[in-house]
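The structure appears below as structure tokens.
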Amino acid sequence: MITPSSLYRYSSSTTSTDHQSIKLLAEEARTTYTAHENFSNTLLMAARLETDHNQPDTSARLKEALDQNIPATQQFRAVLFGSWINMLLILVPIGFAVNYSHINSIAVFIINFVAILPLAAMLSYATEELALRTGETLGGLLNASFGNAVELIVSIQALFKNKILIVKTSLIGSMLSNLLLVLGMCFFFGGISRLEQFFNLTLAQTATSLLAICISGLIIPTVFHYMLLVEDTNANFLKNQELSHGTALIMLIIYFCYLFFQLKSHAMMYKEPSKRVEKRNGNLDKGTSSRTIVKIGAITAASAVGTAQINFTREEDIEESQLTLSGALIPLGISTTLIAFCSEFMVNSIQSITEGDKVSAVFVGLILIPIVGNAAEHATAVTMAIKDQMDLAISVAVGSSMQIALFILPLIVIVGWVAGKECMMLYFNAFQIAILFMTILLVN
């Protein structure tokens, strides 16, 4: 008797050249379904086998899509006119002009703040094109890394301007934004057109475990700092500094071990494809059962009891590349450079807008700067979730927060240590750490 499990075992051992065997197997499943209590699942598997083996090899289609010759003018149009937000690129030269003409500092902050948004979108687009050539795992790492380039640049600029509060609050705010807003919107928009979505369990478990390590690495120095506040002496300051530097080094080592685990030693675990779910584009008649008619491709099974029909559509898995390798690297470098300039202008003007009771420095760091920094990850992650690429969406959203905690924060502490910015340590506001702890607990 043909069962779904036997069909699955057979499909695992066949090649794309066994079309005739697949057709015979599918035909046998059609003629014997009445003797099997779970015939609908058997038909479903047979249909998918016949459809999958009639399609070209995925790797061959991907190679063909990436090896195509793309004219330079077409790539230029794709980069500059591919999104409506690119209209804001006009603010980039305006931001340079208002900064060097020493006009109102509030205008400098606002213009350069908005100018970073299209630059972050351009950086995200170029990274997506690179991700097409590297796969979902490495592609998610690239998106998280270059998406965090804004946070890294802004933090270094603020560090050398002695704006330690801005550095700390902006990085905490970025983690909260990624874990709550970005990840939540991924689940929301991804589930609008699908009943359920699946993701790589190994990827999710590893990410959540590392998030727990992240919050531990931030809680311990924070608690130690508040314990030492009883006696605010120079010796206690040095102890706190030593603990922060040691913790930062350990977190960096953990991050590089994670990269080795993900990209080298256990790379195959991350390459396991997650189950894709078809969009909900079929309707069931009222009072009928979905088991009476199952129609997939060329297979139709019907019974005499009731009528119902479900139509499934297979989404195209291969995205067409719009940029060559050099065509993606050039806008990547240009956007990163311009972000560095605009962020410097923005950081220089923060002092003027936080003076007096205009705007709180905590609000700027915790709310405003993460909006700019997470623009790239937000757009990329939600787009991937809508396309049912949940592995990439989670890699970008959760991986970005994990990278901030395990790489960017410790790196900023080490940079401050080397540059003599001794006040940059791993202790934070107790309320902010409590909120971050509850957020990571919720995500887990």
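Under full-length UniProt numbering, the first residue of the sequence shown is numbered 1, with each subsequent residue one higher.
We treat Cβ as the ideally placed atom computed from N, Cα and C, and that holds for glycine.
For LYS239, the enclosing alpha helix (DSSP H) has its first and last residue at 234–260. From the listed residues ILE440, GLU344 and MET424, the smallest Cα separation to ALA397 is found for ILE440. Cβ-Cβ separation between CYS257 and LEU119: approximately 32 Å, too far for a contact (criterion under 8 Å).
Comparing alpha-carbon positions, the option among PRO331, ALA131 and ASN148 lying closest to ALA72 turns out to be PRO331.
A buried status is given to HIS378, since no fewer than 16 other beta-carbon atoms sit within 10 Å of its beta-carbon. In chain order, SER321, GLN322, LEU323 and ALA328 place their CB closer than 7 Å to the CB of GLU129, counting only its own chain and leaving out the 5 sequence neighbours on each side.
Residue state for GLU196 is assigned as coil, using DSSP reduced to three classes. Here DSSP, grouped into helix, strand and coil, assigns MET185 to helix.
Under the 8 Å Cβ criterion, the region 416–424 does not count as touching the region 203–213, having fewer than three qualifying pairs. A Cβ-Cβ separation of about 6 Å places VAL150 in contact with ILE339 under the 8 Å criterion.
Taken through DSSP and simplified to helix, strand or coil, TYR125 comes out as helix.
Rounded to the nearest angstrom, the gap between the Cα atoms of ASN104 and LEU183 is 37 Å.
Between the region 190–198 and the region 399–415, the count of Cβ pairs shorter than 8 Å is below three; the stretches do not touch. Contact between VAL382 and MET185 holds: their C-beta atoms lie close to 5 Å from each other, under 8 Å. Look at the UniProt domain "Sodium/calcium exchanger membrane region" (332–442) and you find these whole runs of alpha helix (DSSP H), each 4 residues long or longer: 350–354, 369–373, 375–386, 390–403 and 409–419. If the five residues before and after GLN75 are omitted, its C-beta is found closer than 8 Å to the C-beta atoms of GLN322, LEU323, THR324 and GLY327, all from its own chain and listed in chain order. Residues of the same chain with a CB within less than 8 Å of the CB of TRP84, apart from the 5 flanking positions on each side, do not exist. Under the criterion of beta carbons closer than 8 Å, SER265 and VAL413 do not qualify as touching, at roughly 28 Å. The Cβ atoms of SER395 and ASN178 do not sit closer than 8 Å to each other.
Annotation for HIS225: the continuous alpha helix (DSSP H) segment containing it runs 201–228. In the three-state reduction of the DSSP assignment, ILE156 falls in the helix class.
A distance of 8 Å or more separates the beta carbons of VAL359 and LYS161.
The beta-carbon distance between THR336 and LEU180, rounded to whole angstroms, is 27 Å. This is too long to meet the 8 Å contact definition. Boundaries of the alpha helix (DSSP H) around ASN99: 91–100. When C-alpha distances from SER216 are compared across VAL167, THR247 and LEU142, the shortest belongs to THR247. By alpha-carbon distance to ILE253, the top candidate from PHE431, ALA405, LEU228 and MET227 is ALA405. Residue environment: THR134 is assigned as exposed (fewer than 16 neighbouring CB atoms within 10 Å of its CB, all protein chains considered).
Here DSSP, grouped into helix, strand and coil, assigns ASN444 to coil. The C-beta distance from LEU152 to LEU436 rounds to 19 Å, too long to meet the 8 Å contact threshold. DSSP places LEU80 in the uninterrupted alpha helix (DSSP H) bounded by 72–81. Look at LEU323 here: in three-state DSSP terms it is coil, with no helix or strand label.
Counting along the chain, the unbroken alpha helix (DSSP H) around ILE164 starts and ends at 164–176.
Rounded to whole angstroms, GLY95 and LEU117 show a C-alpha spacing of 13 Å.
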